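If you count the sequence shown from 1, position 151 lands on 924 in my numbering, and the numbers rise without skipping. In this text, a Cβ means the ideal position worked out from N, Cα and C, and glycines have one as well. Since we're looking at a predicted model, the values are computed, not measured.
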Amino acid sequence: MEKQPVASRKTIDKALRVLTAFSHTQPELSVGELAERLGMHKSIVSRIVSSLCAWRMLEKDPGTKKLCVGVGAFQLGSLYAPSRSLSRIAKPYMNELAGMTGLSNHLSLSEDEEILVVATVESPTALRVIMRMGERRPLHSTAAGKLFLAFQPDLLEMILLRGIAAFTKKTISSSAALQEEVAQVRRKGIAWNHGENSVGAGAVAAPIFDHQGKMVAALSTVFPLAVVDARELKKIGRSTTAIAGSISEELGFSLNLLK
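Put into structure tokens, the structure is as follows:
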């Protein structure tokens, strides 16, 4: 592999130091403030800033002349797949949940007004409900989907405007009933599916929050409705909620973020 010239590496290092000088507490900085913070000559910072602005990694406010992170940096950052990192973090906990319940579970995200399954752990027993990675399901008829509707209100508005399809006799198919269900999910922090998407298949889901208190995923335990009674359902719900809480803590979540 060809070695990069030392001068080039130093220039890249300086550019990255400029980019990483911005933070949530100080999202805007002037060239002078950058130079002072980084201990670099103002003319050097000015040249680096000019190149970063040309690449839209930084943007300059025409009025204040202060700089902030630009759309180019956002586009580059969006290529990072958070689902991969999240799946790696969640998988050991999901294995633990399967061991606790003897049931399959899956991790899902909200994408294009559906849930998208990004990780699964199958039940160790032959009697199971199978969800495969990459599968999509509607929001209103799934336990995970109801959580996204509860914690992302804009989604609920879109679903109600688009109309609600019924997949089984138990699917919630009226706007009023869905709004009431979602409100209850928001209060309790847990959601259920009693054969609403597939006949005979049930699920319970709990939210996973990140370090900013934003719901980023749902953890669902799925089961054949015929093999679980009311007492078992409560146990499955508690286990799923506890494991989802552990994953949230791993992501830096604290209950104080919801207050």
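Residue i versus residue j: straight-line alpha-carbon distance, rounded
| i | j | result |
| --- | --- | --- |
| M906 | R1011 | 24 Å |
| C841 | S816 | 18 Å |
| G936 | V791 | 48 Å |
| A949 | R960 | 17 Å |
| R1004 | A939 | 28 Å |
| H967 | F996 | 10 Å |
| H913 | L933 | 10 Å |
| G1025 | G1018 | 11 Å |
| P865 | E954 | 31 Å |
| P800 | S883 | 28 Å |
Residue i (DSSP reduced to helix, strand or coil)
| i | result |
| --- | --- |
| T1013 | helix |
| I821 | helix |
| M774 | Here M774 scores only 43 on pLDDT, less than 50, and its place in the model should not be relied on; the value that follows carries that caveat. Correct three-state label for M774: coil. |
| G845 | helix |
| P800 | coil |
| N868 | helix |
| R959 | helix |
| R910 | strand |
| A950 | helix |
| I903 | coil |
| V894 | strand |
| K787 | helix |
Outcome for residue i when other beta-carbon atoms lying within 10 angstroms are tallied against a minimum of 16
| i | result |
| --- | --- |
| N970 | buried |
| T1013 | buried |
| T994 | buried |
| K1007 | exposed |
| T898 | exposed |
| S781 | exposed |
| V972 | exposed |
| I1016 | buried |
Option in the options with minimal Cα separation from residue i
| i | options | result |
| --- | --- | --- |
| G836 | R1004, V955, Y866 and S803 | S803 |
| R909 | L889, A974, S896 and K919 | L889 |
| M1027 | K987, E1005, A991 and L992 | Note that residue 1027 is Ser in the sequence shown here, rather than Met. Among K987, E1005, A991 and L992, the Cα nearest to that of S1027 is on K987. |
| G845 | S896, R829 and H913 | R829 |
| G918 | S819, A979 and A892 | A979 |
| F921 | A990, Q799 and F795 | A990 |
| F795 | H814, V822 and T784 | V822 |
| T941 | P911, K787 and D983 | P911 |
For residue i, the residue or residues it bridges with in DSSP
| i | result |
| --- | --- |
| S883 | I888 |
| N768 | The first residue shown for the chain is 774 and the last is 1032, placing residue 768 beyond what the model contains. |
| F996 | G975 |
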